[in-house]
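Participant: 0 is the number of the first residue of the sequence shown in numbering that gives the first Met the number 0; add one for each residue after it.
Below is a structure I'd like to ask you about.
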Amino acid sequence: MSRSPASLTLYSWAGRWGLPTVDPFCLGVLAYLSLSEAEWSTYNANDPTLSPSGELPLLKVGEHQLVAGSEDIIRQLQTMGYDLDAALTKEEQAEAIAYRTMVEHVLYEAQLYEWFMVEDNFVEVVRPMYSRMSPIYTRYIVPIRMRNAAKERLAQAEYNKYKTSKEGGSSSSSEVDAADKKAAPSEATKLPPQMIARVRDCYNALLAKLGDQMYMFGEKPSSLDAVVYGHLALHLYADEFRHATLRSILSADEYRRLEAYCYNIRAVSELTMPTPLATCPPLPSTLSGILALPGRVLFGGDGWRAIREYWSSWRGRETATDAKRTGQADVMSPEERGFNRRRWLSILGGIGLMVGYVLWHGLVRIEFASDDEDDAAAASMLEGDEDEAVEAVAEEYPALTSEDLLKSVF
Numbered sequence: 000m001s002r003s004p005a006s007l008t009l010y011s012w013a014g015r016w017g018l019p020t021v022d023p024f025c026l027g028v029l030a031y032l033s034l035s036e037a038e039w040s041t042y043n044a045n046d047p048t049l050s051p052s053g054e055l056p057l058l059k060v061g062e063h064q065l066v067a068g069s070e071d072i073i074r075q076l077q078t079m080g081y082d083l084d085a086a087l088t089k090e091e092q093a094e095a096i097a098y099r100t101m102v103e104h105v106l107y108e109a110q111l112y113e114w115f116m117v118e119d120n121f122v123e124v125v126r127p128m129y130s131r132m133s134p135i136y137t138r139y140i141v142p143i144r145m146r147n148a149a150k151e152r153l154a155q156a157e158y159n160k161y162k163t164s165k166e167g168g169s170s171s172s173s174e175v176d177a178a179d180k181k182a183a184p185s186e187a188t189k190l191p192p193q194m195i196a197r198v199r200d201c202y203n204a205l206l207a208k209l210g211d212q213m214y215m216f217g218e219k220p221s222s223l224d225a226v227v228y229g230h231l232a233l234h235l236y237a238d239e240f241r242h243a244t245l246r247s248i249l250s251a252d253e254y255r256r257l258e259a260y261c262y263n264i265r266a267v268s269e270l271t272m273p274t275p276l277a278t279c280p281p282l283p284s285t286l287s288g289i290l291a292l293p294g295r296v297l298f299g300g301d302g303w304r305a306i307r308e309y310w311s312s313w314r315g316r317e318t319a320t321d322a323k324r325t326g327q328a329d330v331m332s333p334e335e336r337g338f339n340r341r342r343w344l345s346i347l348g349g350i351g352l353m354v355g356y357v358l359w360h361g362l363v364r365i366e367f368a369s370d371d372e373d374d375a376a377a378a379s380m381l382e383g384d385e386d387e388a389v390e391a392v393a394e395e396y397p398a399l400t401s402e403d404l405l406k407s408v409f
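Right, here's the structure in full:
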C-alpha cells in the first residue's frame, strides 16, 4: 500500500528520564511512528483538553482531521500505509491483540497504582511533574484529576481491595513478606501482592514470546513491539520514585532479556525521533495578529479564518457567503463543535478562578481613595510645585524679594 502524503503532527505529554514522554500510550505511538519510518512533527501539548476525547496522544492528519487515543491513531496510520503488521498472519494479528490487551491492563494498572496510590511517589514526583508540565490555568487541577481517574480505574479492576496488612488491608503478613523479597532486597513493596504476581506473570509471558528474537514476531517490528515498549520503558527508566517496585522487578537478572529489548527499541526510535516543536507559535507583532492568536493556537493556519469558522460552526449558522469567504466547507462534527465550546468555557473559567483566588487571598489589593483624600493629595502636590518654582527663580534672581518672586512666577 502506498503511503499517504498527508502531514502528521503528534501532540503528547512532555518527556522525563531520558524518554520523549512520560505517558505509556504517547510513548507507544511515538515508537510506532519511528519504527514505521514515518515523517512527522511533535508538540509537547501537556494539555488533554486539546483533544476531542480529553486524552493524549492526539494526532493531527493534514489540516483538519484529528485522531485521539493510541489505538485509533495506530489504526489510522495503518490505513495510511504505515502498517507494521502487514506481514503478520491472521493468527499472529490475533495473538498481538491478546498480548496488547494484557499489557494495557496489567502493566498499566500497576503503573497507575505505583504512581498515584503510593503516597510518597505521588507527592514527591508525580504531582510536581504534572503540575510543571500543565498550563498555568490547569496545573493545580490536572494531577488531582488524574489521580481520581486512576482510583476509579483501579476500583473497577478491584485493586482497591488489594491492601497489604501494613496499609490496613486483609492480606496476610506472609504474603506481604514474600512479595517484598521478590520485589527488592532492601525495599519493602508498596504494591499489593496480587498485583505483583500478575505483573510477574505478564513479564514472563512477554519474555517467553520474545525468546531469542529481536522483536516479538521475528526480525521486524510490529505494533505489539511499540505498545509493549511504551509500558516497559516507563517501568524501567523512571528512576526518581522512592518506592520503585516495578523498576526493581524488571531490573532483576531473570528479565535482562526484556531490558535489552527495551534498550534496542529505544536506540532505534531515537534515530528518527524529531525534536519537539515549540508549545505555541511566536507572538505576532501586529494587533490583528494578536487578536487572531487564539484561533491560530487552537486550529493553526490563518487565525482570522479559523475564528470565523469556529464562530459559524458554534452558532450552527454557516452560510454560503461564509463558505465562499473561507474557500471550504465546514468539516467539524457536532461533537467537535461541542468540545471546542467547552474548551473555551474551561479556559475562561480557569482565568476567572485565578483572578478570584488572587483577590480572595489578598495577593493583590485594590484600594479606592475618597474624594477628600484626592483633594488633599492634589493640594499637597500643588503646594510642592509652588515651592519648587519659587526656589528656582530665587536662585536665578537673588536680589528679588519673596513678593517679587511670587509675582514673577504667577
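Glycine is no exception: its CB is placed at the ideal position from the N, C-alpha and C atoms.
Whose CA, out of I143, G14, D224 and H234, lies closest to the CA of S33?
Facilitator: Here residue 33 corresponds to residue number 34 of the sequence shown, with the count starting at 1. Out of I143, G14, D224 and H234, D224 has the C-alpha closest to the C-alpha of S33.
Participant: Under 8 Å by Cβ, that's how I've got R152 and E108 pegged, so tell me the actual separation to the nearest angstrom.
Facilitator: Looking up residue 152 in the sequence shown gives position 153. Looking up residue 108 in the sequence shown gives position 109. Confirmed, about 7 Å.
Participant: Could you spell out the range, first to last residue, of the beta strand (DSSP E) harbouring N43?
Facilitator: Position 44 of the sequence shown holds residue 43. Its beta strand (DSSP E) spans residues S40 to N43.
Participant: Given K189, which residues of its chain have a CB within under 6 Å of its CB, disregarding the five upstream and five downstream residues?
Facilitator: One-based indexing of the sequence shown puts residue 189 at position 190. Only V117 and H242 meet the Cβ criterion.
Participant: Per the DSSP calculation, V66 is bridged to which residue(s)?
Facilitator: Translated into positions along the sequence shown, residue 66 becomes position 67. For V66, which the question treats as bridged, DSSP gives the partners L58.
Participant: Tell me, to the nearest whole angstrom, how far the beta carbon of L249 is from that of H234; I am working on the premise that it is less than 8 Å.
Facilitator: Residue 249 sits at position 250 when you count from the first residue of the sequence shown. Residue 234 sits at position 235 when you count from the first residue of the sequence shown. Contact flag correct, Cβ pair sits at about 5 Å.
Participant: At what residues does the alpha helix (DSSP H) containing Y107 begin and finish?
Facilitator: For this step, residue 107 is matched to residue 108 along the sequence shown. From DSSP, the alpha helix (DSSP H) with Y107 extends over Y107 to L111.
Participant: Taking Cβ positions, are V122 and S130 nearer each other than 9 Å?
Facilitator: As a working mapping, residue 122 is identified with position 123 in the sequence shown. As a working mapping, residue 130 is identified with position 131 in the sequence shown. No.
Participant: Given a threshold of 16 other Cβ atoms within 10 Å of its Cβ, counted over all protein chains shown, does W411 qualify as buried or as exposed?
Facilitator: What is shown of the chain runs 0 to 409, which leaves residue 411 out entirely.
Participant: Please classify M353 as buried or exposed, where buried requires at least 16 neighbouring CB atoms within 10 angstroms.
Facilitator: One-based indexing of the sequence shown puts residue 353 at position 354. Its Cβ having fewer than 16 others within 10 Å, M353 is exposed.
Participant: Are the CB atoms of I72 and V28 within a distance shorter than 9 Å?
Facilitator: Here the question's residue 28 lines up with position 29 in the sequence shown. Here the question's residue 72 lines up with position 73 in the sequence shown. Cβ distance < 9 Å, so V28 and I72 count as in contact.
Participant: Suppose you measure from the CA of K181 to the CA of M215; what does that come to, to the nearest Å?
Facilitator: Working through the sequence shown from its first residue, we reach residue 181 at position 182. Working through the sequence shown from its first residue, we reach residue 215 at position 216. Legend: pLDDT at K181 = 46, less than 50; position of this residue unreliable, no value from coordinates given.
Participant: What does the alpha-carbon distance come out to for the pair Y139 and N45?
Facilitator: Your numbering for residue 139 matches position 140 in the sequence shown. Your numbering for residue 45 matches position 46 in the sequence shown. Each residue's alpha carbon lies about 13 Å from the other.
Participant: Spell out the partners DSSP gives R15 in its beta bridges.
Facilitator: Start at 1 with the first residue of the sequence shown, and residue 15 comes out as number 16. Looking at the DSSP assignment, R15 forms a beta bridge with L18.
Participant: Below 9 Å between beta carbons: does that hold for L9 and W39?
Facilitator: In the sequence shown, the residue the question calls residue 9 occupies position 10. In the sequence shown, the residue the question calls residue 39 occupies position 40. Contact: yes.
Participant: Rounded to whole angstroms, what is the Cα-Cα separation between D200 and M272?
Facilitator: Position 201 of the sequence shown, counted from the first residue, corresponds to residue 200. Position 273 of the sequence shown, counted from the first residue, corresponds to residue 272. Roughly 32 Å separates the two Cα atoms.
Participant: Exposed or buried, A154, counting other C-beta atoms within 10 Å across all chains shown (16 or more means buried)?
Facilitator: Locating residue 154 in the sequence shown gives position 155, counting from the first residue. Label assigned to A154: exposed.
Participant: Below 8 Å on the Cβ atoms is my contact criterion, and I expect L206 with L257 to pass it. Report the Cβ-Cβ distance as a whole number of Å.
Facilitator: Position 207 of the sequence shown, counted from the first residue, corresponds to residue 206. Position 258 of the sequence shown, counted from the first residue, corresponds to residue 257. Going by Cβ atoms, the distance from L206 to L257 rounds to 6 Å, so yes, they are a contact pair.
Participant: Just how far apart, CA to CA, sit L106 and E253?
Facilitator: Indexing the sequence shown from 1 puts residue 106 at position 107. Indexing the sequence shown from 1 puts residue 253 at position 254. Going from the Cα of L106 to the Cα of E253 covers about 18 Å.
Participant: Helix, strand or coil: how does DSSP classify T8 here?
Facilitator: Against the sequence shown, residue 8 aligns to sequence position 9. T8: strand per DSSP, three-state reduction.
Participant: Please state the DSSP three-state secondary structure of R304.
Facilitator: As a position in the sequence shown, residue 304 is number 305, starting the count at 1. Here the model assigns R304 a pLDDT of 45, short of 50, so the residue's position is not dependable and the matter cannot be decided.
Participant: From this set, C25, V227 and E90, which residue's C-alpha is nearest A13's C-alpha?
Facilitator: Counting from 1 along the sequence shown, the entry for residue 13 is found at position 14. Among C25, V227 and E90, the Cα nearest to that of A13 is on C25.
Participant: So what does DSSP say about G443, is it helix, strand or coil?
Facilitator: Lying before the first or after the last residue shown, residue 443 is absent from the chain, which here runs from 0 to 409.
Participant: Quick check on the DSSP output: the alpha helix (DSSP H) that includes I437 runs from which residue to which?
Facilitator: A question about residue 437 goes unanswered here, because the residues of the chain that appear run from 0 up to 409.
Participant: Just confirm the distance between the C-beta atoms of A196 and M101, as a whole number of angstroms; I'd bet it's less than 8 Å.
Facilitator: By one-based count along the sequence shown, residue 196 stands at place 197. By one-based count along the sequence shown, residue 101 stands at place 102. About 14 Å; that fails the 8 Å criterion.
Participant: Going by beta-carbon coordinates alone, are V226 and S69 separated by less than 9 Å?
Facilitator: Start at 1 with the first residue of the sequence shown, and residue 226 comes out as number 227. Start at 1 with the first residue of the sequence shown, and residue 69 comes out as number 70. Yes. Within cutoff.
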